[in-house]
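A.B. asks:
Numbering (the UniProt record's numbering), first residue to last: 1 to 257.
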């Protein structure tokens, strides 16, 4: 299903997106060396419920997971890049943490992710990983104009990732979003320009470039959810929900100023 939202629904999506962005920014400020991943999950639950919103993850049970997910946020550490199931682990100095959050407010969903190093700036490799995902996301957003094709966004993101020397996994990528978290169209993190669905005003997309240092292969953790790099290398993941408008793409998941 591909949804085209009304102007009123897009306005509600702005509220959802700001909530997601604000929660992620708050978590980044709170997290420090020694923070437990289960604490992050508890903080997230508290902020979602205080806002009158609903988690997209607690009851999430897709075919590829060992569902339901049962938590409020995805927490990926170091080699864990997607669907990181919160567990009893205290973050150490230099851990590379990815947080992925999706909520529904007033009937509209928004989805975003950030990656950062705990307690330090991290190594040059860590910063390259994080910066490359951010640059790829910016390129995808720049390409997301009314009348563009999905392939144009995929090509823009993939070009940045590959130019930086990273391999691109095509199993998991971005997606349409609206009254539910995951919708068509799928947005691969690499692809051919001029192909796929034509973007229209009112379409919401979650774009999410993610990379692993030296591989494009994933393995699934014993928890049935967490996806890790097959080589144990470091990973990074960045995501925004955007709305397609007549004048370009609007980023919805920025934190409240």
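Glycine included, each C-beta is placed from N, C-alpha and C at the ideal position.
Since residue 15 and residue 105 are thought to touch, with beta carbons under 8 Å apart, how far apart are those beta carbons, to the nearest angstrom?
C.D. replies: As a working mapping, residue 15 is identified with position 15 in the chain shown. As a working mapping, residue 105 is identified with position 105 in the chain shown. So it is a contact: roughly 6 Å between Cβ atoms.
A.B. asks: Nearest by alpha-carbon distance to residue 188: which of 161, 174, 148 and 57 is it?
C.D. replies: As a first step, residue 188 is located in the chain shown; it is residue number 188 there, counting from the start. Checking every option, the nearest Cα to that of residue 188 belongs to 174.
A.B. asks: For residue 85, I'd like the list of residues in its chain whose CB is within less than 6 Å of its CB, leaving aside the five on either flank, ordered along the chain.
C.D. replies: For this step, residue 85 is matched to residue 85 along the chain shown. Within the same chain, residue 85 has close Cβ partners 223, 225 and 226.
A.B. asks: Assuming residue 210 is part of the beta strand (DSSP E), what are its boundary residues?
C.D. replies: Start at 1 with the first residue of the chain shown, and residue 210 comes out as number 210. Here the beta strand (DSSP E) through residue 210 covers 210-212.
A.B. asks: Strictly by DSSP, which residues pair up with residue 175?
C.D. replies: Residue mapping note: residue 175 aligns to position 175 of the chain shown, counting from 1. Partner(s): 186 and 206.
A.B. asks: Keeping to the same chain, check which residues put their C-beta closer than 7 Å to that of residue 70; ignore five residues upstream and five downstream.
C.D. replies: Position 70 of the chain shown holds residue 70. Taken in chain order, the residues that qualify are 58.
A.B. asks: Mapping DSSP to helix, strand and coil, what is residue 19?
C.D. replies: Counted from its first residue, the chain shown places residue 19 at position 19. In the structure shown, residue 19 sits in a helix (DSSP, three-state: H, G or I).
A.B. asks: Leaving out five residues on either side along the sequence, give the residues of the same chain with a beta carbon under 7 Å from the beta carbon of residue 181.
C.D. replies: As a first step, residue 181 must be located in the chain shown, where it is residue number 181. So the list reads 56, 102, 109 and 111, once near-sequence residues are dropped.
A.B. asks: For residue 155, report the span of its alpha helix (DSSP H) as first-last.
C.D. replies: Taking the chain shown and counting its residues from 1, one reaches residue 155 at position 155. Run containing residue 155: 150-163, per the alpha helix (DSSP H) assignment.
A.B. asks: With the cut-off set at 7 Å, would you say residue 220 and residue 233 are in Cβ contact?
C.D. replies: Along the chain shown, one-based indexing puts residue 220 at 220. Along the chain shown, one-based indexing puts residue 233 at 233. Cβ distance not < 7 Å, so residue 220 and residue 233 don't count as in contact.
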